[in-house]
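Chemist: Here my numbering is used: the first residue of the sequence shown is 3, the next is one more, and so on. Just dropping this structure here.
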Amino acid sequence: MSVFKVASRYAKSLIDLAQEQGQLEEVKSNIDQFVSVLKENSGLRAVLANPIITWEKKYAILEQLFKDKFGTSVLAFFRIMIFKGRGEILYNTAQEFLREYNAIKGIVEATVISAAPLSAENLDALKKVITEELHAQVLLTNKVDASLIGGFIVKVGDKQIDTSIARKLDDLERYLTAQSV
Numbered sequence: 003m004s005v006f007k008v009a010s011r012y013a014k015s016l017i018d019l020a021q022e023q024g025q026l027e028e029v030k031s032n033i034d035q036f037v038s039v040l041k042e043n044s045g046l047r048a049v050l051a052n053p054i055i056t057w058e059k060k061y062a063i064l065e066q067l068f069k070d071k072f073g074t075s076v077l078a079f080f081r082i083m084i085f086k087g088r089g090e091i092l093y094n095t096a097q098e099f100l101r102e103y104n105a106i107k108g109i110v111e112a113t114v115i116s117a118a119p120l121s122a123e124n125l126d127a128l129k130k131v132i133t134e135e136l137h138a139q140v141l142l143t144n145k146v147d148a149s150l151i152g153g154f155i156v157k158v159g160d161k162q163i164d165t166s167i168a169r170k171l172d173d174l175e176r177y178l179t180a181q182s183v
């Protein structure tokens, strides 16, 4: 079974548990913190994925890091996953939890890639347009790619709008190449 499917099933069970206990927002907050810590600490991800390290040591590390910050249900969930030898997919499961949470809440993630960082005003204006178009709450992130030269690319799910100068130059090059044949 693929890592995605396994992570998705664990994430779904955590969502169900959180909803059943009326703790969805608290669990979501804990998972946000967990993802943030793992993003910044590749060493911790490596420890969780290492099959040589016992499950007790892996859980002890997580417990030391998060026992005063996380609810008991999240820590118990981590313990079960690690005990079952699924420590290597804890990060994937946490990301999948956030994706499923967003789906439940009607939140759409969008990314704008630009040649330079966009101002807060431009991001707000773009977020407003996307929100009105999709009729959903939008989480917008800005990534920078100087190779775009100018313009931007907006990605929402599997849709993409590319207004970059780099793409326009590529289109022009293809057109001129086709004309010279």
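Backbone N, C-alpha and C define an ideal beta-carbon position, used for all residues, glycine too.
Using DSSP with H/G/I as helix, E/B as strand and the rest coil, what is residue 154?
Modeler: Reduced to three states, the DSSP call for residue 154 is strand.
Chemist: So what does residue 113 bridge to, in DSSP terms?
Modeler: Note: residue 113 sits in a beta bridge opposite 143, 157.
Chemist: Kindly indicate which residue of 178, 33, 161 has the alpha-carbon position closest to the one of residue 136.
Modeler: Checked all of 178, 33, 161; the closest Cα to residue 136 is 161.
Chemist: Rank 140, 103, 181 by C-alpha distance to the C-alpha of residue 14 and give the top, closest one.
Modeler: Of the candidates 140, 103, 181, the one whose C-alpha sits nearest the C-alpha of residue 14 is 103.
Chemist: May I ask you to report which of helix, strand or coil DSSP gives residue 162?
Modeler: Strand at residue 162.
Chemist: State the DSSP-derived secondary structure class of residue 33, mapped to helix, strand or coil.
Modeler: Of the three classes helix, strand and coil, the one that applies to residue 33 here is helix, per DSSP.
Chemist: What distance in whole Å lies between the Cβ atoms of residue 150 and residue 115, which are believed to be in contact at a cut-off of 8 angstroms?
Modeler: With a Cβ gap of about 7 angstroms, residue 115 and residue 150 count as contacting.
Chemist: Evaluate residue 95 with the Cβ neighbour count: other Cβ atoms within 10 Å of its Cβ, from every protein chain shown; 16 or more gives buried, anything less gives exposed.
Modeler: Buried, since its Cβ has 16 or more Cβ neighbours within 10 Å.
Chemist: With C-beta atoms as the reference, is residue 138 less than 7 angstroms away from residue 108?
Modeler: Yes, Cβ-Cβ distance for residue 138 and residue 108 is below 7 angstroms.
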